[in-house]
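Participant:
In full-length UniProt numbering, the protein residues as written are 1 to 565.
(1) Under DSSP, the beta strand (DSSP E) around residue 637 begins and ends at which residues?
(2) Which two residues bound the contiguous beta strand (DSSP E) that contains residue 269?
(3) Name the one or two DSSP bridge partners that residue 505 has.
(4) Pairs of beta-carbons, one from the region 496-508 and one from the region 445-455, closer than 8 Å: are there three or more?
(5) Could you pull out every residue in the same chain whose Cβ sits closer than 6 Å to the Cβ of residue 179, ignoring the five residues on either side in sequence?
(6) From residue 341 to residue 106, what does the alpha carbon distance come to, in whole angstroms?
(7) Between the Cα of residue 192 and the Cα atoms of 147, 218, 240 and 225, which residue gives the shortest distance?
(8) Buried or exposed, going by whether 16 or more other CB atoms sit within 10 Å of the CB of residue 504?
(9) Whose C-alpha, out of 395, 473 and 381, is nearest the C-alpha of residue 531?
(10) So if DSSP puts residue 362 in a beta bridge, which residue, or which two residues, is it bridged to?
(11) Between which residues of its own chain and residue 84 is the CB-CB distance below 7 Å, once the five residues before and five after are set aside?
(12) Distance, Cα to Cα, residue 430 vs residue 25?
(13) Pull up the DSSP beta-bridge partners for residue 231, would you.
(14) So what does DSSP say about residue 62, is it helix, strand or coil?
(15) Determine which residues share a DSSP beta bridge with residue 244 and list them.
(16) If we count the other Cβ atoms within 10 Å of its Cβ and call it buried at 16 or more, is residue 70 buried or exposed?
(17) In terms of alpha-carbon separation, which member of 139, 246 and 202 lies closest to residue 190?
(18) Using CA coordinates, which residue listed in 265, 163, 143 and 39 is at the minimum distance from residue 436?
(19) How should residue 248 be labelled, buried or exposed, when 16 other C-beta atoms within 10 angstroms of its C-beta is the threshold for buried?
(20) How big is the Cα-Cα spacing for residue 214 and residue 230?
(21) Helix, strand or coil for residue 470? Go by DSSP, reduced to three states.
(22) Only counting the same chain, and skipping five residues up and downstream in sequence, which positions put a Cβ closer than 8 Å to that of residue 271?
(23) Would you report the Cα separation of residue 250 and residue 489, rounded to the nearest angstrom?
(24) Please report the straight-line C-alpha distance between residue 482 and residue 355, rounded to a whole angstrom.
(25) Mind reading off the beta-carbon distance from residue 383 to residue 199? Whole number of angstroms is fine, and I expect it under 8 Å.
(26) Once the 5 residues before and after residue 566 are set aside, which same chain residues still bring their CB inside 6 Å of it?
(27) Is residue 104 near residue 186, with beta carbons less than 8 Å apart?
(28) What residue range does the alpha helix (DSSP H) around residue 537 cover?
(29) With distance defined between alpha-carbon atoms, name the residue in 156, 455, 463 and 171 nearest to residue 137.
(30) Mark residue 134 as exposed unless 16 or more other C-beta atoms lie within 10 angstroms of its C-beta, in which case mark it buried.
(31) By the three-class DSSP mapping on this structure, what secondary structure does residue 413 have?
(32) If I measure Cβ to Cβ from residue 325 and keep anything under 6 Å in the same chain, skipping five residues before and after, which residues do I get?
(33) According to DSSP, simplified to helix, strand and coil, what is residue 459?
(34) Hey, is the region 454-466 in contact with the region 373-380, meaning 3+ C-beta pairs nearer than 8 Å?
(35) Residues in its own chain within less than 8 Å of residue 330 by CB, not counting five upstream and five downstream?
(36) Could you please give the first and the last residue of the uninterrupted alpha helix (DSSP H) stretch that includes residue 499?
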């Protein structure tokens, strides 16, 4: 999955002074299997993207300029690179930086002004800076480092903006021709993203910090493009004078994959879902849920629930989550218990394909439906508690998102939804099985997704709700049965199923006495631990407590926006 080769200006391999072993960043990460040849299309995976006169390409080969060997993540430091080599006619827009605790796996964009024909030097979209300001010299820093690093802020001409810093190993101001600034109408506002390095082992309000950058506005209609640059500053203010690129092309989605390319992408990257050995409540298809007795209730007419058609054609469409309608399990007790457990053999996944970062990436959102979410479990120091009702609810929607580069179709990261929020994980940190297919783990009863098996505690101080995952024998190959339910850039080519436009709750409001639930378990706990557990439970959102049924995929803010982290 890796290669030891990347250009370092003939310097020796990056070595940790602490353990004398090569640092993770000394290996360049590669996916386990080569990328397939994608089906033919328009602009997807063509190597470049036209932003409306500014052509950009993705550079993932680098020359090492400077490295620190302490502070930052895992106290291992960070390494700073310049993209190299650049294709003919393309210019650097900024340097790249990455923590040393991960394999080298990053990319940065280079730009070419395609409005000026064969003479990029006379272009109007890209211009050299007029000067540089020194942001950081590491000469006075009392840290372990390779050489001395200098981080420069380009001074853009009037009407232009800098996209990134320039890193050098010399105190002399770099040549103005080293980098390009971008005309303002091809830029968007950026904000700090993940922490890369600083003068501590965690980000803090004081002192030097280095962060990645991302567009401030993100979503399916947002035009900001992820450029791959970083910002260095004192303190951790979200504001930065550096911009990101913007896709100014009228048909900005022309770089998105067509339907055959989407299908090929999903076959290449479709995740495995491993369920806990004790999991009782498994996924099903939505149509199976409807066919097996799910009921539609209307407020004021609760005594006359209605059976739901297999496609959801008789569900209320649109509107808002106003409490007027909700779904529930069959009233027959035997049927209810059977439906609760789902049907993995019938289950499939539902794909929403959307542009991200100005259509320089494609997000494939993989929705999984469970008829029932089981009761929660808690950990209180050395005690494990199983609840009777807390956490239970009907209709559970969970998702994993694949983020794919539209330059070459490579999987860059995966988002794991964990109840109301989640986390992005770089492809370099994922577990793979069967080629380039990521492995995911669904938590016991709650069905939150995680990249690794084990316990994640929702709480602090050894007290909280348990999210247990393990590699049980029950596994779902999401590539075996999937359907694209939405891809707005394909227009009428995708016909949305009626149930997707049902925007009310997929389960009833459940009212139970929290005091009674807590009393059942408090006898197992000594003194102060009872109060600590109660504090954690009362701090959970109603949906996590199981008091409210969840809404469907289209109601989530991530449907048209970025994922919550």
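Every residue, glycine too, gets a C-beta built ideally from N, C-alpha and C.
Facilitator: The answer reads as follows:
(1) Residue coverage of the chain in this structure runs from 1 to 565, which leaves residue 637 outside it and unanswerable.
(2) Where residue 269 is concerned, there is no enclosing beta strand (DSSP E), although the alpha helix (DSSP H) it sits in stretches over 259-269.
(3) 326 and 551
(4) In short, these stretches do not touch, since the Cβ pair count stays below three.
(5) 92, 154 and 166
(6) Straight-line Cα distance between these residues: approximately 42 Å.
(7) 240
(8) The residue in question, residue 504, is buried, as its Cβ has 16 or more Cβ neighbours within 10 Å.
(9) Measuring from the Cα of residue 531, the nearest candidate turns out to be 381.
(10) 355 and 404
(11) 7, 61, 62 and 63
(12) 16 Å
(13) Listed as beta-bridge partners of residue 231 by DSSP are 211.
(14) strand
(15) Under DSSP, residue 244 forms a beta bridge with 188.
(16) buried
(17) 246
(18) 265
(19) buried
(20) Cα to Cα, residue 214 sits roughly 9 Å from residue 230.
(21) coil
(22) For residue 271, where only same-chain residues beyond five positions count, the Cβ hits under 8 Å are 366, 400, 402, 414, 437, 438, 439, 440 and 478.
(23) 13 Å
(24) 20 Å
(25) That pair is no contact at about 41 Å.
(26) Within the shown structure, residues of the chain are numbered from 1 to 565, placing residue 566 beyond reach of any answer.
(27) no
(28) 527-538
(29) 171
(30) exposed
(31) strand
(32) 298, 316 and 504.
(33) Of the three classes helix, strand and coil, the one that applies to residue 459 here is strand, per DSSP.
(34) yes
(35) 292, 293, 294, 295, 336 and 339
(36) No alpha helix (DSSP H) contains residue 499, which DSSP labels as neither H nor E.
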